[in-house]
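I have placed the structure first, in the form of structure tokens, so that the comments after it can refer back to it.
In this note's numbering, the protein residues as written are 2 to 443.
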């Protein structure tokens, strides 16, 4: 008997998550094999479609990543063979290094006769490939905005539309950045490798930004059902530790790892049993990961000692996170210190989102009226402003209005946030807030 439709949907959703979670590493491996970012993306997409078609019928392989790599590589071989301008050596480059060529159809749970695929999932090269992909995305030959866009697309697996929303730019702009970046990689022959030690410092800014964007997409997913993508968070933390190992004296990387550890220390308390968001003020702080907090605070101290004259943005953000992590209760948070750290951060990272976060902190320190004034300087009630399409800005304004008892305006603010693209968990949270405002007015 066939499964009920709802069980089919649940099984397919689980498969989609599994394929999505493996995507970045599979792509990294295909970029190494093919040397072509666009070709690798196309082939991984094709392998993903095949997986979603065949796994429900044949069963999920024991090592899904190896199956996806094999399927994507076979597709790459087919594509290259059809390109008559390619030489035989270029076709051979996308074959397995063992020289046995692409495997035949891979039965579920097995990797065919190709010995190199038999232990593909266990080889360290898969992890190394992702680190190499980070450095390729962050090559100095690419503009920083192109580095960031490419990292979001390749490391996080975001669509072009999602990249545009994350960067607060039109979709056409994001598409152009991605195209330019891929073209530049091909034309300049940018290598797929971790650079020599002497070349590492020039990559720090881009690498840190890419890894933190990877973490952010996992920590607060911009789309989908889950507010938290654990796979991306764990991958960002792993890369952060590798980078600190490569450059142990680099303050930005110390601050980055500290920031990620401190934020992730709250992982188990950010959602309830139903997967709904739990706000910072309502989280069970006794369940926060004290080991991660301790490690993060030590790294913050190390980063601050290494930046006595010019603040580092990641170290300062980690110091803000430490203020929250060390407060025994939400009410005991040292909001004066938080605002002060935001003032320092603005001297080296003056962005609309940083100013919005500072405004929220001002609302906690000085009251909702002061916070609202700071938010509305960034988000004028009549429309416009750099954060006009940023839903969390509208939500912050709505919350401050609600605290002031201005329920009609608060409801309009929540509605404005809900009209924009949101993660499903965030949408559910705001939808619950909207009826609360209406109930208070009635």
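Beta carbons: idealized from backbone N, C-alpha and C, even for Gly.
Would you please state the rounded distance, in angstroms, between the beta carbons of residue 345 and residue 309? I believe it to be under 8 Å.
Position 344 of the chain shown, counted from the start, is the residue given in the question as residue 345. Position 308 of the chain shown, counted from the start, is the residue given in the question as residue 309. Residue 345 to residue 309, Cβ: 13 Å. No contact.
Taking all protein chains shown into account, do 16 or more other C-beta atoms lie within 10 angstroms of the C-beta of residue 63, making it buried, or fewer, making it exposed?
The count along the chain shown starts at 1 and reaches residue 63 at position 62. It counts as exposed.
With DSSP collapsed to three states, give me the class of residue 330.
Position 329 of the chain shown, counting from 1, holds the residue named residue 330. Coil, per DSSP.
Does the separation of the CB atoms of residue 72 and residue 48 fall below 8 Å?
Mapped onto the chain shown, residue 72 falls at position 71. Mapped onto the chain shown, residue 48 falls at position 47. Yes, the pair counts as a contact, with Cβ atoms nearer than the cut-off.
Boundaries of the alpha helix (DSSP H) in which residue 261 is found, first to last residue
In the chain shown, the residue the question calls residue 261 occupies position 260. 252 to 265 is the span of the alpha helix (DSSP H), which, as asked, contains residue 261.
In DSSP terms, what residue 379 is bridged to
As a first step, residue 379 is located in the chain shown; it is residue number 378 there, counting from the start. Residue 379 is not bridged to any residue.
Please report the distance separating the alpha-carbon of residue 67 from that of residue 30.
Position 66 of the chain shown, counting from 1, holds the residue named residue 67. Position 29 of the chain shown, counting from 1, holds the residue named residue 30. In a straight line, the C-alpha of residue 67 is about 10 Å away from that of residue 30.
Roughly how many whole angstroms lie between the Cα atoms of residue 143 and residue 192?
As a first step, residue 143 is located in the chain shown; it is residue number 142 there, counting from the start. As a first step, residue 192 is located in the chain shown; it is residue number 191 there, counting from the start. Whole-angstrom Cα-Cα distance: 13 Å.
Using the Cα positions of residue 398 and residue 253, report the straight-line distance between them to the nearest angstrom.
If you number the chain shown from 1, residue 398 lands on position 397. If you number the chain shown from 1, residue 253 lands on position 252. Cα to Cα, the separation comes out at about 32 Å.
Short Cβ contact (8 Å threshold) for residue 155 with residue 134
Here residue 155 refers to the residue found at position 154 when the chain shown is read from its first residue. Here residue 134 refers to the residue found at position 133 when the chain shown is read from its first residue. Closer than 8 Å, so yes.
Do residue 404 and residue 381 have their beta-carbon atoms positioned less than 8 Å apart in this structure?
Position 380 of the chain shown holds residue 381. Position 403 of the chain shown holds residue 404. No. Outside cutoff.
Could you tell me whether the region 276 to 289 touches the region 208 to 223, using the rule of 3 or more Cβ pairs below 8 Å?
no
As assigned by DSSP and simplified to three states, the class of residue 201:
Counting from 1 along the chain shown, the entry for residue 201 is found at position 200. In the structure shown, residue 201 sits in coil (DSSP, three-state: anything other than H, G, I, E or B).
Could you have a look at residue 174 and say whether DSSP puts it in helix, strand or coil?
The residue you call residue 174 lines up with position 173 of the chain shown. In the structure shown, residue 174 sits in a helix (DSSP, three-state: H, G or I).
By the 10 Å Cβ neighbour count, where 16 or more other Cβ atoms means buried, how is residue 337 classified, buried or exposed?
Looking up residue 337 in the chain shown gives position 336. Exposed: under 16 other Cβ atoms inside 10 Å.
Tell me the rounded alpha-carbon separation between residue 425 and residue 157.
Here residue 425 refers to the residue found at position 424 of the chain shown. Here residue 157 refers to the residue found at position 156 of the chain shown. If you take the alpha carbons of residue 425 and residue 157, they lie about 18 Å apart.
Near residue 291, what residues of its chain come up, given a Cβ to Cβ distance below 6 Å and the 5 sequence neighbours on each side ignored?
Counting from one through the chain shown, the residue named residue 291 turns up at place 290. Answer for residue 291: no residue qualifies.
Near residue 245, what residues of its chain come up, given a Cβ to Cβ distance below 7 Å and the 5 sequence neighbours on each side ignored?
For the purposes of this step, residue 245 is identified with residue 244 of the chain shown, where counting begins at 1. Correct list, in chain order: 254, 255 and 258.
Report the option in 297, 235 and 138 whose CA atom is closest to the CA atom of residue 207.
As a working note, residue 207 is residue 206 in the chain shown. Among 297, 235 and 138, the Cα nearest to that of residue 207 belongs to 138.
Enclosing alpha helix (DSSP H) for residue 289 [first to last residue]:
As a first step, residue 289 must be located in the chain shown, where it is residue number 288. Note, residue 289: premise wrong, no alpha helix (DSSP H); not H, not E.
Compare the Cα-Cα distances from residue 249 to each of 322, 69, 18 and 303 and report the closest residue.
Position 248 of the chain shown, counted from the first residue, corresponds to residue 249. The candidate whose alpha carbon is nearest that of residue 249 is 303.
How far does the alpha helix (DSSP H) with residue 308 in it extend, from its first residue to its last?
If you number the chain shown from 1, residue 308 lands on position 307. In the DSSP assignment, residue 308 falls outside any alpha helix (DSSP H) and carries neither an H nor an E.
Continuous alpha helix (DSSP H) stretch holding residue 155: start and end:
Start at 1 with the first residue of the chain shown, and residue 155 comes out as number 154. Segment 145 to 155, the alpha helix (DSSP H) holding residue 155.
I want to know whether the region 322 to 334 touches the region 259 to 271 - three or more CB-CB distances under 8 Å.
yes
Taking all protein chains shown into account, decide if residue 152 is buried (16 or more other Cβ within 10 angstroms of its Cβ) or exposed.
For this step, residue 152 is matched to residue 151 along the chain shown. Buried: at least 16 other Cβ atoms inside 10 Å.
Locate the alpha helix (DSSP H) running through residue 275, then write down its first and last residues.
On the chain shown, residue 275 is found 274 positions in, with the first residue counted as 1. Careful: residue 275 lies outside any alpha helix (DSSP H) and carries neither H nor E.
CB residue 402 to CB residue 373, shorter than 8 Å?
Translated into the one-based positions of the chain shown, residue 402 becomes position 401. Translated into the one-based positions of the chain shown, residue 373 becomes position 372. Taking 8 Å as the Cβ cut-off, residue 402 and residue 373 qualify as a contacting pair.
Let's test the definition: count the other Cβ atoms within 10 Å of the Cβ of residue 299 and tell me whether it reaches 16, buried, or not, exposed.
Translated into the one-based positions of the chain shown, residue 299 becomes position 298. Looking at its Cβ environment, which holds fewer than 16 other Cβ atoms inside 10 Å, residue 299 is exposed.
Beta carbon of residue 39, beta carbon of residue 185: below 8 Å?
Working through the chain shown from its first residue, we reach residue 39 at position 38. Working through the chain shown from its first residue, we reach residue 185 at position 184. It is not a contact, given that the beta carbons lie outside the stated cut-off.
Tell me, please, whether the CB atom of residue 198 is closer than 8 Å to any CB atom in chain B?
Of the protein chains in the structure, only one exists, and it is not chain B.
When DSSP labels each residue in this structure, what does residue 230 get in the three-state scheme?
As a working mapping, residue 230 is identified with position 229 in the chain shown. Coil, per DSSP.
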